[in-house]
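Inspection log for the structure reproduced underneath, given as structure tokens.
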Amino acid sequence: MVDFTLTDEQKDLRELAHSFADKEMRKVAWEYDVDGTWPQDVIDKAFEVGLMNTHIPEAYGGPGLDYLSGCIIEEEIGWGCSGIGTSLMANGLASAPVTLGGSEETKKKYLGMLTESAKLASFGLTEPDAGSDVSGMKTRAVKQGDKYILNGSKCFITNGTYADWFTVFAKTDPDSGHRGISAFVVDANAAGVTVDKKEDKMGQRASNTATISFNDVEVPAENLLAEENKGFKLAMMTLDRTRPGVAAMATGIARAAFEFSVEYSKERVQFGVPIAMHQAIQFMIADMSTKVDASRLLTWNSAVLLDQGKRASLISSEAKRFAADSAMEVTTDAVQVYGGYGFIKEYPVEKLMRDAKIMQLYEGTSQIQRLVIAKEVLLPRAVDDLPGADEMAAKASEQSQSDQAAATV
Ligand code: COS
13 MVDFTLTDEQ KDLRELAHSF ADKEMRKVAW EYDVDGTWPQ DVIDKAFEVG LMNTHIPEAY
73 GGPGLDYLSG CIIEEEIGWG CSGIGTSLMA NGLASAPVTL GGSEETKKKY LGMLTESAKL
133 ASFGLTEPDA GSDVSGMKTR AVKQGDKYIL NGSKCFITNG TYADWFTVFA KTDPDSGHRG
193 ISAFVVDANA AGVTVDKKED KMGQRASNTA TISFNDVEVP AENLLAEENK GFKLAMMTLD
253 RTRPGVAAMA TGIARAAFEF SVEYSKERVQ FGVPIAMHQA IQFMIADMST KVDASRLLTW
313 NSAVLLDQGK RASLISSEAK RFAADSAMEV TTDAVQVYGG YGFIKEYPVE KLMRDAKIMQ
373 LYEGTSQIQR LVIAKEVLLP RAVDDLPGAD EMAAKASEQS QSDQAAATV
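If you're matching positions, the sequence shown starts at 13 in the working numbering and goes up one per residue.
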């Protein structure tokens with residue numbers, strides 16, 4: 013039987029996240045948006061109440077929440093402020109490749125770092141010339157003895173200025189396209205790591221977005237995630253697991269815009285009646301309501317598939333694509349419901365419209381999601397193409413144990 017009733021624990025988490033979003037995020041969201049103020053105070057509080065690092069397993073100090081619970085939290089956080097929310101949630105993206113492909117030691121060290129105190133990590137995939145086209149990356153990692161030497165530059169890195177470590181994807185075999193990419197954990201304080209640029213953005217201005225350069229950075233070989241040249245797959249497996257969270261955040265933005273519109277349409281009087289009495293407004297409100305509910309259903313569906321250990325590439329991309337595009341449509345309509353006031357910064361909805369735009373861009377554009385969806389529908393990957401996460405993690409762990417054994421001998 014299909015049942016959308018949440019468990020008591022999920023309801024409590026939703027209440028916790030909603031109350032946090034209402035009391036701690038909304039009260040500063042519009043102010044922090046003006047100058048792009050870094051929300052360290054909100055991050056510290058979110059860490060304290062347990063709203064960060066929700067997917068980190070208990071073995072490494074996290075709450076080990078299921079994907080559905082994570083999405084329930086993320087919708088509320090997106091409702092509060094998706095700019096601050098992106099700063100709060102970026103650890104999930106950076107840590108997923110470590111959870112999937114890190115050795116036991118790597119997981120203890122780097123996931124443990126995130127759960128011990130309010131530390132941050134960033135995901136370094138995108139480059140100036142390699143956005144959608146991941147295989148076109150130029151960052152290079154060359155093995156020298158027991159370390160790799162890393163050179164290159166990553167852009168649009170969320171939380172880049174404040175991260176304590178990065179998950180970095182680099183070419184280890186430059187002639188092999190997507191089969192020549194590997195993933196590493198890189199300490200932010202390693203010699204040769206520099207933060208080059210903080211971006212001044214249209215929306216989500218309270219989140220930090222930076223360019224990070226790596227100049228002859230020495231990365232210990234044990235910081236390799238999964239196996240050499242398996243980085244592309246690891247990145248795709250990561251995105252399969254994080255796109256539902258982005259979809260949830262987009263649902264939260266859309267819901268916020270919808271709620272503001274409903275409220276305003278009942279107060280604003282034109283032609284002698286509240287504008288909610290006009291069918292033109294009612295139709296926009298009706299479409300907003302439908303898009304919010306449909307976004308949530310797709311999001312929950314993708315999360316539940318992941319919780320059941322099933323492949324979720326198709327539904328994750330459908331959820332991300334639909335929720336992101338819907339958030340853009342709903343927030344644009346919200347500005348329309350507010351009329352000229354919607355265009356004024358004193359009113360809440362123009363920020364939501366600016367914030368929504370990035371949902372169609374980061375973690376894969378809406379066009380990339382359509383590519384993934386079309387490929388999954390027309391030419392689905394054989395299940396064998398996807399080594400189970402546990403299998404990859406086990407392999408990495410085995411490898412590190414045999415390395416240790418070899419080192420002892
Ligand atoms: N899980 C595991 N493996 C996957 C996978 C997934 N979800 N998707 C693809 N793969 C594997 C394929 O099985 C194939 O493996 P083999 O090397 O064994 O053949 C390999 O990866 C290449 O797959 P594919 O041919 O589908 O890749 P394409 O180059 O055609 O397309 C796209 C890849 C464009 C979909 C990918 O590059 C992408 O998602 N780009 C967007 C990146 C992005 O989201 N950037 C934002 C950065 S994070 S803010």
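Just so you know, even glycine gets a beta-carbon here, dropped at the ideal spot from N, CA and C.
All of these numbers come straight from a predicted model, not from anything done at the bench.
query	result
CB contact flag (D78, D252, <8 Å)	no
beta-carbon V384 near the ligand FAD non-hydrogen atom, thresh 7 Å	Among the ligands present in this structure, namely the ligand COS, the ligand FAD is not found.
Whole-number beta carbon distance between E36 and V54, since they are thought to touch under 8 Å	6 Å
Local conformation of F196 per DSSP, three classes	strand
With 16 other Cβ atoms within 10 Å as the buried cut-off, status of A339	buried
Near the ligand COS: E375 beta-carbon under 7 Å from a heavy atom	yes
Whole alpha helix (DSSP H) elements within the region 81-126, 4-residue minimum	94-113
Supposed close pair G73, G114 - CB separation, criterion 8 Å	So it is not a contact: roughly 14 Å between Cβ atoms.
I380 versus G143: straight-line alpha-carbon distance, rounded	10 Å
Near the ligand COS: K245 beta-carbon under 7 Å from a heavy atom	yes
For G164, the residue or residues it bridges with in DSSP	F226
Whole-angstrom distance between A288 and M149, CA atom to CA atom	51 Å
Where the beta strand (DSSP E) containing A394 begins and where it ends	That residue, A394, is in no beta strand (DSSP E); it is neither H nor E in DSSP.
Endpoints, alpha helix (DSSP H) assigned at G257	G243 to E279
Contact test: T138 Cβ vs the ligand COS heavy atom, cutoff 7 Å	yes
Buried/exposed call for N227, threshold 16 Cβ in 10 Å	exposed
K332 - containing beta strand (DSSP E), residue span	Where K332 is concerned, there is no enclosing beta strand (DSSP E), although the alpha helix (DSSP H) it sits in stretches over S325 to Y350.
Proximity to I193 [Cα-Cα], best of A203, R255 and V146	V146
Span separating the alpha-carbon of G215 from that of M365	8 Å
Proximity to S325 [Cα-Cα], best of L310, E362 and I385	I385
Limits of the unbroken alpha helix (DSSP H) element including D158	Neither: D158 is in no alpha helix (DSSP H) and is coded neither H nor E.
Close Cβ partners of F272 (< 7 Å) along its chain, the five nearest in sequence each way excluded	A346, P360 and V361
Nearest to G189 (by Cα), restricted to the options K242, C167, K119 and I169	K242
Three-pair Cβ contact test at 8 Å for the region 85-104 versus the region 57-71	yes
Segment contact, 8 Å Cβ cut-off, at least three pairs: the region 99-113 with the region 131-141	yes
Simplified DSSP assignment, three categories, for G204	coil
Within 8 Å, strictly: CB atoms of A106 and T179	yes
Test item: CB-CB of S328 and R382 under 8 Å	no
Bridge partners - L236, DSSP secondary structure assignment	F196
Where I265 falls, given that 16 or more other Cβ within 10 Å makes a residue buried	buried
Beta-carbon gap between G172 and N235 smaller than 8 Å	no
Environment of V198 [buried if 16+ CB atoms lie within 10 Å]	buried
Simplified DSSP assignment, three categories, for S188	helix
Cβ-based neighbour list, R333, same chain, cut-off 6 Å, excluding 5 preceding and 5 following	S378 and Q381
Span of the alpha helix (DSSP H), counted from its first residue to its last, around K303	Q291 to D319
Among W312, D367 and A368, the one whose alpha carbon lies nearest that of Q22	W312
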